[in-house]
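Below is one structure, written out as structure tokens; the observations come after it.
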Amino acid sequence: MSTYKLISVLLDYPSEELLGNLGEIQRRAATESGLSFENLERLTHFLAYLGSVDLLDLQAEYVQTFDMTPEHSLHLTHHLCGDDRNRGPALIELTELYRTRGFEIPDNELPDYLPLVLEFLHTLPAEEAQGFLAEAGRVVAIIAANLERSASPWHAGLRILADMSGYKDDPKACGEDMRPTKDVCQSACGAMID
Numbered sequence: 050m051s052t053y054k055l056i057s058v059l060l061d062y063p064s065e066e067l068l069g070n071l072g073e074i075q076r077r078a079a080t081e082s083g084l085s086f087e088n089l090e091r092l093t094h095f096l097a098y099l100g101s102v103d104l105l106d107l108q109a110e111y112v113q114t115f116d117m118t119p120e121h122s123l124h125l126t127h128h129l130c131g132d133d134r135n136r137g138p139a140l141i142e143l144t145e146l147y148r149t150r151g152f153e154i155p156d157n158e159l160p161d162y163l164p165l166v167l168e169f170l171h172t173l174p175a176e177e178a179q180g181f182l183a184e185a186g187r188v189v190a191i192i193a194a195n196l197e198r199s200a201s202p203w204h205a206g207l208r209i210l211a212d213m214s215g216y217k218d219d220p221k222a223c224g225e226d227m228r229p230t231k232d233v234c235q236s237a238c239g240a241m242i243d
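Dropping the structure here:
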């Protein structure tokens with residue numbers, strides 16, 4: 050199981066299937082993911098947390114964390130563009146990229162939903178996937194920092210991705226709302242999919 054696939058599964062809406070496979074996920078992460086010791090430790094703590102919480106409570110926490118708190122949104126263009134009109138064209142371009150690669154998007158999901166993006170990266174050659182993740186690194190680091198500030202256990206998955214992206218700047222330096230300027234939105238939305 051690639052690290053992209055592994056993190057995708059962990060960042061998606063919690064299910065019985067996920068909770069039933071935590072041991073297998075841990076085993077595969079330890080043997081197949083290539084994660085650093087620090088990131089494997091983060092993942093181990095997160096998996097232990099997932100295993101200690103009732104599914105309904107976990108689902109409620111997930112909704113509160115990602116759906117009710119905009120700073121934690123797993124929709125990447127939200128952090129780049131907010132509700133700016135440039136978000137629509139960025140979503141269309143990302144959809145077209147998926148189509149040209151034969152990657153199917155579920156009808157109920159936007160193409161910038163991070164678990165879906167990670168599923169897509171899982172299908173790409175390693176170097177290409179790494180380049181795509183590097184382009185999204187700043188956004189991933191911003192989400193990770195926001196989740197860490199709120200003490201969310203899901204910060205582990207985002208911190209692992211931020212480390213994998215190679216992003217080194219401190220996202221806390223971006224300002225209180227962690228949103229880049231409109232100019233950054235216009236250039237970054239395109240850069241993610243070029």
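Per the working numbering, residue 50 is the first one in the sequence shown, and the count goes up by one each step. Positions of the beta carbon are idealized from the N, C-alpha and C atoms, including for glycine. Here the structure is a predicted model, which is why all the values come from computation and not from measurement.
Asked	Found
Roughly how many whole angstroms lie between the Cα atoms of L146 and E153?	11 Å
Is the number of C-beta pairs between the region 190-205 and the region 92-108 that are closer than 8 Å three or more?	yes
Pick out the complete alpha helix (DSSP H) segments inside the region 53-134, 4 residues or longer, and give them in chain order.	65-69, 71-81, 86-101, 104-111, 125-130
Which class does Y216 belong to by DSSP, given the choice of helix, strand or coil?	coil
Less than 8 Å between the beta carbons of G215 and A194, yes or no?	no
Taking 8 Å as the threshold (C-beta atoms), are P164 and L71 in contact?	no
Whose C-beta lies closer than 6 Å to the C-beta of H128 among residues of the same chain, with five residues either side of it excluded?	V188, I191
Note down, in chain order, each residue of its chain lying with its Cβ closer than 7 Å to the Cβ of T114, except the 5 sequence neighbours on either side.	H121, S201, W203
Mark A222 as exposed unless 16 or more other C-beta atoms lie within 10 angstroms of its C-beta, in which case mark it buried.	Here the model assigns A222 a pLDDT of 49, short of 50, so the residue's position is not dependable, and the following value carries that caveat. Result: exposed.
In the DSSP output, which residue or residues are listed as bridge partners for Y162?	H124
Specify, as a first and last residue, the run of the alpha helix (DSSP H) that G137 falls within.	136-149
For H171 and S101, which I take to be in contact (beta-carbon distance under 8 Å), what is that distance rounded to the nearest angstrom?	Not really, about 28 Å apart at Cβ, beyond 8 Å.
Assign N195 to one of three DSSP states: helix, strand, or coil.	helix
Of the choices L159, L99, L107, Q108, whose alpha-carbon is the least far from that of L123?	L159
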